[in-house]
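In this note's numbering, the protein residues as written are -4 to 266.
Ideal Cβ positions, reconstructed from N, Cα and C, are used throughout, including at glycine.
Being a predicted model, the structure only gives us computed values, none of them experimental.
All remarks here apply to the structure that follows.
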Amino acid sequence: MPELPEVETSRRGIAPVVEGQTITSVVCRVARLRLPLPADLSSRLSGRKILKLDRRAKYLLFRLDIGTLLIHLGMSGHLRIVSAGTPCDRHDHVDIHLGNDTVIRFHDPRKFGLVALIGDAAEEHPLLCHLGPEPLIREFNGQSLFQRSRGRKIAVKSFIMDQQIVVGVGNIYASEALFRAGIHPLRAAGRIAATRYQLLAESIKDVLSEAIDAGGTTLRDFFDSSARPGYFRNNLLVYGCGGQPCRTCGCALKSIRIAQRATVYCAYCQH
DNA sequence: ATGCGGACCTGTTAGC
DNA sequence: TGCTAACAGGTCCGCA
């Protein structure tokens, strides 16, 4: 669920409700997610004001008057805004109560998510400081991808999923972007020409932007309690389509595993 | 330094 | 129908 577009959609949905609000209390129902939850989270957060909600990679950054509350949704997490008093479900691990009688509720069955309170210089925190560029900014482009790829033998799919190279390209969008760019996912990153990286960078930007726009559609029913599959699902050209005909050439799409991740591509269109 | 495999968890689905 | 195995959209760590 939480690819970068979903995290951005969450941010856009939640920001108007929480910005400017004061945290009144925090309830944690588990001791740890990916990392242990700070034991004193409630006492440290109570009375603090949420100034702004930002996103960096797939992390949500709640900018407070005393530092930053960092939330990562992992593989299975989501945030919902609910009214105070809404009964909680299984896997509703953390409730952040706000002054306006609403609650930010963190739900994560697989517990791969993360909640941490970090200091003011959030970007220098160990969890964030090694992250590569955001995919949608100008500084991320074919030229920078090309330069960083020289000498690398890693499969290009793993290369673009490396958060030090570029953030936010998850397993789904890696396959989608490579299909759009006509690049074989197993090709060694260091053996791809600059012009093709140009195309790849554009494909990454396009597919993520389109997915964010589609997430905007989900925004309308964002406060629904039902977790429905992302709207962008209908726009996927290869992911989850193994065995089906390629939209371009009609040949059956191939399913393989790269670094233990499901990968789909067209052996005819991608080189 | 690079690249790979395993680990962290639970839920759902495919297959027998 | 019921059981088991495989798999799931992320990230970090340790080893070769």
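Going straight from the alpha carbon of G137 to that of G177, what length do you get? Here residue 137 corresponds to residue number 142 of the first sequence, with the count starting at 1. Here residue 177 corresponds to residue number 182 of the first sequence, with the count starting at 1. C-alpha separation (whole angstroms): 15 Å.
Does DSSP put L109 in a helix, in a strand, or in coil? As a first step, residue 109 is located in the first sequence; it is residue number 114 there, counting from the start. L109 falls in the strand class under three-state DSSP.
To the nearest angstrom, how far is the alpha carbon of K200 from that of S144? Counting from 1 along the first sequence, the entry for residue 200 is found at position 205. Counting from 1 along the first sequence, the entry for residue 144 is found at position 149. Here the alpha carbons of S144 and K200 stand approximately 18 Å from one another.
Using DSSP with H/G/I as helix, E/B as strand and the rest coil, what is S41? Here residue 41 refers to the residue found at position 46 of the first sequence. Of the three classes helix, strand and coil, the one that applies to S41 here is coil, per DSSP.
Could you compute how far the alpha carbon of L56 sits from the alpha carbon of G245? To locate residue 56, count along the first sequence from 1; it is residue 61. To locate residue 245, count along the first sequence from 1; it is residue 250. The straight-line gap from Cα to Cα measures roughly 44 Å.
Supposed close pair A52, L126 - CB separation, criterion 8 Å: Position 57 of the first sequence, counted from the start, is the residue given in the question as residue 52. Position 131 of the first sequence, counted from the start, is the residue given in the question as residue 126. Right, their Cβ atoms sit about 5 Å apart.
Taking only the alpha-carbon atoms, compute the straight-line gap between R223 and P(-3) and give it to the nearest angstrom. Sequence index remark: in the first sequence, residue 223 carries index 228 (1-based). Sequence index remark: in the first sequence, residue -3 carries index 2 (1-based). For R223, the pLDDT reaches just 49, beneath the cut-off of 50, and the residue's location in the model is therefore unreliable, leaving the point undetermined.
Span of the alpha helix (DSSP H), counted from its first residue to its last, around S153: Counting from 1 along the first sequence, the entry for residue 153 is found at position 158. Note, S153: alpha helix (DSSP H), V151 to M156.
Could you give the DSSP three-state label for V77: helix, strand or coil? In the first sequence, residue 77 corresponds to position 82, counting from 1. In the structure shown, V77 sits in a strand (DSSP, three-state: E or B).
Going by the DSSP bridge assignment, what does G62 pair with across the sheet? As a working note, residue 62 is residue 67 in the first sequence. L59.
Would D103 and G146 qualify as a contact pair, given that the criterion is a beta-carbon distance under 8 Å? The residue given as residue 103 occupies position 108 in the first sequence. The residue given as residue 146 occupies position 151 in the first sequence. Not a contact, by the Cβ cut-off of 8 Å.
Indicate whether R39 and L109 have their beta-carbon atoms separated by less than 8 Å. Translated into positions along the first sequence, residue 39 becomes position 44. Translated into positions along the first sequence, residue 109 becomes position 114. No, the Cβ-Cβ distance between R39 and L109 is not below 8 Å.
Pull up the distance between the alpha-carbon of S170 and that of N95, whole angstroms please. For the purposes of this step, residue 170 is taken as the residue at position 175 of the first sequence. For the purposes of this step, residue 95 is taken as the residue at position 100 of the first sequence. Approximately 42 Å, taken between the alpha carbons.
So what's L123 in DSSP terms, helix, strand or just coil? As a working mapping, residue 123 is identified with position 128 in the first sequence. Of the three classes helix, strand and coil, the one that applies to L123 here is coil, per DSSP.
So L74 packs on F101, CB below 8 Å; how close in whole Å? Start at 1 with the first residue of the first sequence, and residue 74 comes out as number 79. Start at 1 with the first residue of the first sequence, and residue 101 comes out as number 106. Their Cβ separation, rounded to whole angstroms, is 6 Å, which keeps L74 and F101 in contact under 8 Å.
Mind checking whether I253 and S139 have CB atoms under 8 Å apart? Start at 1 with the first residue of the first sequence, and residue 253 comes out as number 258. Start at 1 with the first residue of the first sequence, and residue 139 comes out as number 144. No. Outside cutoff.
Please report the residue range of the alpha helix (DSSP H) in which L(-1) lies. Counted from its first residue, the first sequence places residue -1 at position 4. L(-1) to V13 is the extent of the alpha helix (DSSP H) around L(-1).
R50 and V2: beta carbons closer than 8 Å? Numbered from its first residue, the first sequence carries residue 50 at position 55. Numbered from its first residue, the first sequence carries residue 2 at position 7. Yes. Within cutoff.
Is D216 helix, strand or coil when you go by DSSP? Numbered from 1 along the first sequence, position 221 holds the residue referred to as residue 216. Low confidence applies here, because D216 scores a pLDDT of 40, under 50, leaving its location unreliable; read the following figure in that light. In the structure shown, D216 sits in coil (DSSP, three-state: anything other than H, G, I, E or B).
Note the first and the last residue of the continuous beta strand (DSSP E) segment covering S20. Sequence index remark: in the first sequence, residue 20 carries index 25 (1-based). Counting along the chain, the beta strand (DSSP E) containing S20 begins and ends at I18 to C23.
Report the residue ranges of all alpha helix (DSSP H) runs contained in full by the stretch 155 to 210; include only those spanning at least 4 residues, in chain order. DSSP runs (the alpha helix (DSSP H)) wholly in the stretch 155 to 210: 166 to 176.
Can you pull the DSSP bridge partners for R50? Along the first sequence, one-based indexing puts residue 50 at 55. Beta-bridge pairing links R50 to L55.
Where F141 falls: helix, strand or coil (DSSP): Taking the first sequence and counting its residues from 1, the one referred to as residue 141 is at position 146. Looking at F141 - three-state DSSP - the assignment turns out to be helix.
Would you tell me roughly how many angstroms separate the C-alpha atoms of C241 and Y226, rounded to the nearest one? Position 246 of the first sequence, counting from 1, holds the residue named residue 241. Position 231 of the first sequence, counting from 1, holds the residue named residue 226. So the two alpha carbons sit approximately 21 Å from each other.
Environment of P268 [buried if 16+ CB atoms lie within 10 Å]: With the chain covering only -4 through 266, there is no way to say anything about residue 268.
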